[in-house]
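Residue numbers for the sequence shown follow numbering that gives the first Met the number 0, so the first one is 0 and each next one is one higher.
Just so it is clear, CB atoms sit at the ideal spot from N, CA and C, and this is done for glycine as well.
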Amino acid sequence: MPRYHRLGFLPEKHHTQFRRPDGRLYTEQLFSTRGFSGPTSTLYHREAPTAVESFSDLGKIKPEYLDDEALRHRHFRTRDLHPHGNAFTGRVPLMGNQDIEWHQIWAAEPMETLYKNADGDECLFIHDGSGTLETLFGELDFRAGDYLVIPRGTIWRIRFDTLPVRMLTFVAYGPIEIPRRYRNDMGQILEHAPYSERDFRGPSRLAGGEGPADVIIRARGRLTRYSYPTHPFDVVGWDGFVWPFAFNIGDFQPIVGRIHLPPPIHQTFSAPGFVICSFCPRPLDFDPQAVPAPYAHSNVDSDEVLYYVNDKFGSRRGIEEGSITLHPLGIPHGPQPGATEASIGATRTEELAVMVDTFHPFKLCPAALELEDKDYWKSWTAK
């Protein structure tokens with residue numbers, strides 16, 4: 000986040016003596032990005048976070064991708080999934096490429112073990128439910144509709160108030176950030192952006208932790224279990240610009256126009272190789288001759304994937320809450336027959352959806368085929 004945040008107790012200056020009540024030094028940990036040139040945070044632990052009792056290899060984590068699928072538009076019904084596992088073990092990989100993995104989750108169990116992704120940032124979208132994200136930086140309460148952006152290298156665990164819970168996980172191989180065009184040279188969010196700093200929530204209290212703890216670490220395409228003699232959440236204070244945050248899709252301020260505007264107006268986050276967008280309820284185009292439905296579009300160099308948080312997407316036929324559509328590069332897509340004419344005169348849409356556009360093609364995982372509506376590609380044929 001391009002904003003300074005602090006929690007707990009801190010010494011007056013970095014890299015100076017900061018002692019516990021018993022006279023021993025707290026252990027200072029610098030959490031840095033891009034070497035020492037990017038955003039950083041500094042944490043203070045009761046015990047050294049470097050001590051390890053044991054470790055064990057848990058195997059590969061890279062999803063299996065299909066490479067023999069014909070090019071076509073796809074529709075996946077996630078209602079056909081069944082609640083299982085937790086927010087980590089219950090991940091079902093549906094698609095991915097060298098920049099992003101898309102996992103669907105319908106968590107049915109509490110998450111007991113701590114987890115860290117050392118390969119890149121993660122963004123969780125909470126479809127329903129509420130709870131607390133417990134992290135190295137403290138606890139962050141969340142609710143339905145929240146994006147939870149977790150920086151690379153953050154140790155975390157999620158606790159739900161009730162189960163089961165539907166959610167998405169976007170595993171990135173780089174930082175997930177506020178788009179550069181929304182920020183000034185100092186990092187402040189600009190007036191034309193569809194949100195402000197007040198819409199972003201960081202940890203509100205330290206998590207705390209006692210005793211030994213295991214952490215599952217994702218790194219270099221493998222999982223490793225590390226056993227620590229002391230709890231990594233034994234942080235007494237921290238400050239800096241790197242921390243997990245929540246942003247609710249309901250706080251996105253849609254940009255509207257006299258004539259239909261293109262999807263970049265819905266952009267919420269950016270990352271190397273892809274963007275995340277939010278389609279939210281809003282007034283529609285207001286020119287007397289406006290056609291509110293989108294035009295047919297050839298995305299010649301990007302794949303477009305939409306997750307429908309509700310079933311009120313006016314330009315799409317046959318979708319339902321929890322549907323996913325994949326419109327790949329190379330073939331045009333657009334409203335199904337009748338949707339364009341039906342949109343004329345409409346003044347508002349209640350649609351709610353999360354979109355990911357990638358700049359390298361998505362490859363499907365075997366689990367996606369089990370959810371597929373195999374006749375979706377026919378839906379543009381007039382009857």
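Contact between Trp237 and Arg5 holds, with the beta-carbon distance rounding to 7 Å and staying under 8 Å. Considered as a whole, the region 265-320 harbours 266-270, 273-278 and 302-307 as its complete beta strand (DSSP E) runs of no fewer than 3 residues, in chain order. Just so you know, the alpha carbons of Lys115 and Phe169 end up roughly 14 Å apart.
Membership of Ala367 in any beta strand (DSSP E) is not indicated; the residue belongs instead to the alpha helix (DSSP H) covering Pro365 to Leu368. Looking at Ser297, Asn298 and Leu283, the one whose alpha-carbon comes closest to that of Pro291 is Leu283. The DSSP-derived three-state label of Ala345 is coil.
Looking at the DSSP output, Asp238 bridges to Arg5 and Thr41. When Asp356, Ala69 and Phe141 are compared, the shortest CA-CA separation from Pro271 is found for Asp356.
Distance between Gly329 and Ser297, taken at the CA atoms: about 7 Å. In the DSSP assignment, Val164 forms a beta bridge with Ala106. Between Arg151 and Asp184 a beta carbon distance of about 25 Å is seen, past the 8 Å cut, so the two are scored as non-contacting. Distance from the Cα of Arg45 is smallest, within the candidate group Arg23, Arg281, Thr32 and Ser31, for Arg23. Between the beta-carbon of Leu93 and that of Phe124 there is about 14 Å, and that puts the pair past the 8 Å contact cut. Looking at the DSSP output, Lys59 bridges to Arg221.
Ranking Phe273, Asp310, His326 and Pro163 by CA distance to the CA of Thr348 puts Asp310 first. Taking His14 as the centre and dropping the five residues before and after it, the same chain places the C-beta of Glu27 closer than 8 Å to its C-beta, in chain order. In chain order, Phe232 place their CB closer than 7 Å to the CB of Gly207, counting only its own chain and leaving out the 5 sequence neighbours on each side.
Secondary-structure assignment with DSSP links Lys377 through no beta bridge to anything.
Shown here, Ala338 sits in a helix according to DSSP, grouped into three states. In this structure, Trp105 and Pro62 do not form a Cβ contact; the two beta carbons are roughly 18 Å apart against a cut-off of 8 Å. The three-state reading of DSSP puts Arg73 in strand, counting E and B together. A contact is defined here as three or more CB-CB pairs under 8 Å, and the region 51-71 fails this definition with respect to the region 335-350. Assignment of Tyr181 by DSSP, reduced to helix, strand and coil, places it in the helix class. One thing to note: Ala117 has its Cβ no nearer than 8 Å to the Cβ of Arg224. Sorting Pro1, Tyr64, Lys373 and Ser322 by C-alpha distance to the C-alpha of Pro178 places Pro1 at the top. In the three-state DSSP reduction, Gly34 falls in the coil class, being neither helix nor strand.
DSSP places Glu111 outside both helix and strand once states are collapsed to three, so it counts as coil. Per DSSP, Phe141 is one residue of the beta strand (DSSP E) stretching across Gly137 to Phe141. In the structure shown, Arg204 falls within a strand segment according to DSSP collapsed to helix, strand and coil. Counting along the chain, the unbroken beta strand (DSSP E) around Glu133 starts and ends at Gly130 to Thr134. Taken atom to atom, the span from the alpha-carbon of Pro211 to that of Pro48 is near 11 Å.
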